[in-house]
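Following my numbering, the numbering of the sequence shown begins with 3 at its first residue and continues without gaps. Virtual Cβ for every residue (Gly too), placed ideally from N, Cα, C. These numbers come from a predicted model, not from an experiment. Accompanying notes for the structure given below.
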Amino acid sequence: MCFYNSMSKKAQQLAARYGRKSDVIEIAKEILEEQYRQSAFTNPDCAVVTTSESLEVRKWGLIPFWCKTQEDADKMRKFTYNARSETVFELPSFRGPILSKRCIVPSTGYFEWRHEADGTKTPYFIFVRDLEIFSFAGVCDTWENKQTGKVLNTFSILTTQANELTGFIHNNPKTGNRMPVILNVEEEEKWLDPSLKRPDIAAMLRTFDAERMDAHTVKSDFLKKNPKDSSILL
3 MCFYNSMSKK
13 AQQLAARYGR
23 KSDVIEIAKE
33 ILEEQYRQSA
43 FTNPDCAVVT
53 TSESLEVRKW
63 GLIPFWCKTQ
73 EDADKMRKFT
83 YNARSETVFE
93 LPSFRGPILS
103 KRCIVPSTGY
113 FEWRHEADGT
123 KTPYFIFVRD
133 LEIFSFAGVC
143 DTWENKQTGK
153 VLNTFSILTT
163 QANELTGFIH
173 NNPKTGNRMP
183 VILNVEEEEK
193 WLDPSLKRPD
203 IAAMLRTFDA
213 ERMDAHTVKS
223 DFLKKNPKDS
233 SILL
């Protein structure tokens, strides 16, 4: 599953890549600069692309609009960092967003572990060869805490069956061989189109071509480093 993303580009570069403005995210200073490691488990603020003319700031870990309390929301988002493409049209958390609230989660690469025969785990950095910034297919939602009035904009990254490269790396026997859904550049604006019908959406939830991807190992202590430390990728 995809729990560790990397965004080694600045907000202005993201805005230019997707033809969006960066004015909205300038209020979230922590995402203006490079973040070489983003962990879903900290529910970080991330730059997300929607139909809006500006990049949006959303927290990783989708909270459905129908959650009643903060306690419910906190429990829910522990299970919504990713959304499986095989069940996204059926699960209550995702069946609304997949039809009308799709988004793009920009990435410059992501991290996964290979389970070795001796019981150890080797971390890898995985990326798309011909795209400095590529696009994960995502879904999003907005939740309001009725007790406090606070509004949270959140998202989840879609996953699908792994290709040959990512399957070699993500070989966790508990979760199976998985990878994020990666969109082709020409599909990006189509993915965001709210009028898109279910069959067309489902057709885009496919495995990305392994020949366009690459990966290399990273040091086992990369999780201990400052997220803004570029040596994370080495």
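The ligand NAP heavy atom lying under 6 Å from the CB of residue i
i, result
"Ile203", "For the ligand NAP, the structure offers nothing, since it holds no ligand at all."
CA-to-CA distance, residue j to residue i, given in whole angstroms
i, j, result
"Lys90", "Ala18", "The question names Lys, yet the displayed sequence has Val at residue 90. Going from the Cα of Val90 to the Cα of Ala18 covers about 30 Å."
"Asn147", "Ser24", "27 Å"
"Asn274", "Thr52", "The structure shown has nothing for residue 274, since the chain only spans 3 to 236."
"Lys199", "Tyr112", "29 Å"
"Ser54", "Ala205", "24 Å"
"Lys226", "Ser197", "43 Å"
"Lys61", "Phe96", "16 Å"
"Phe170", "Asn179", "8 Å"
"Arg22", "Ser56", "5 Å"
"Leu121", "Ser10", "Contrary to the premise, residue 121 reads as Gly rather than Leu in this sequence. The alpha-carbon atoms of Gly121 and Ser10 are separated by roughly 31 Å."
"Trp68", "Gly151", "14 Å"
"Asp211", "Tyr20", "22 Å"
"Arg214", "Val26", "32 Å"
"Leu133", "Leu185", "11 Å"
"Pro201", "Leu16", "30 Å"
"Ser41", "Tyr6", "5 Å"
"Asp223", "Ser232", "13 Å"
"Ala75", "Val187", "33 Å"
"Lys176", "Lys77", "21 Å"
Where the alpha helix (DSSP H) containing residue i begins and where it ends
i, result
"Ala217", "Per DSSP, Ala217 belongs to no alpha helix (DSSP H); it is in the beta strand (DSSP E), 215-219."
"Asp47", "Asp47 -> not in any alpha helix (DSSP H); beta strand (DSSP E) instead, spanning 47-50."
"Ala119", "Where Ala119 is concerned, there is no enclosing alpha helix (DSSP H), given that its DSSP letter is neither H nor E."
"Arg39", "No alpha helix (DSSP H) holds Arg39; the beta strand (DSSP E) holding it covers 37-41."
"Glu190", "190-194"
"Gln72", "72-79"
Within 7 Å, strictly: CB atoms of residue i and residue j
i, j, result
"Trp193", "Ala119", "no"
"Ile203", "Tyr38", "no"
"Gly63", "Asn45", "yes"
"Val153", "Pro99", "no"
"Tyr126", "Thr219", "yes"
"Thr168", "Ser8", "no"
"Cys105", "Val50", "yes"
"Ile128", "Pro108", "no"
"Glu92", "His172", "no"
"Arg116", "Asp216", "no"
Residue i: first and last residue of the uninterrupted beta strand (DSSP E) it sits in
i, result
"Pro108", "104-109"
"Ile159", "153-163"
"Arg86", "84-86"
"Pro182", "180-182"
"Ala139", "136-146"
"Trp62", "58-62"
"Met9", "6-9"
Cβ-based neighbour list, residue i, same chain, cut-off 8 Å, excluding 5 preceding and 5 following
i, result
"Leu207", "Ser87, Val90, Ala139, Leu160, Thr162, Val183"
Status (buried if at least 16 other CB within 10 Å, exposed otherwise) for residue i
i, result
"Thr124", "exposed"
"Gln149", "exposed"
"Ser102", "exposed"
"Ser137", "buried"
"Arg79", "buried"
"Pro66", "buried"
"Glu58", "buried"
Cβ-based neighbour list, residue i, same chain, cut-off 6 Å, excluding 5 preceding and 5 following
i, result
"Thr82", "Gly63, Leu64, Ser95, Ser158"
"Asn155", "Arg60, Thr144"
"Met181", "Ala164, Thr168"
"Gln72", "Asn147"
"Gln14", "Ser24"
Contact set for residue i: own chain, Cβ-Cβ below 7 Å, skip 5 residues either direction
i, result
"Lys221", "Leu236"
"Glu35", "Lys12, Lys230"
"Glu191", "none"
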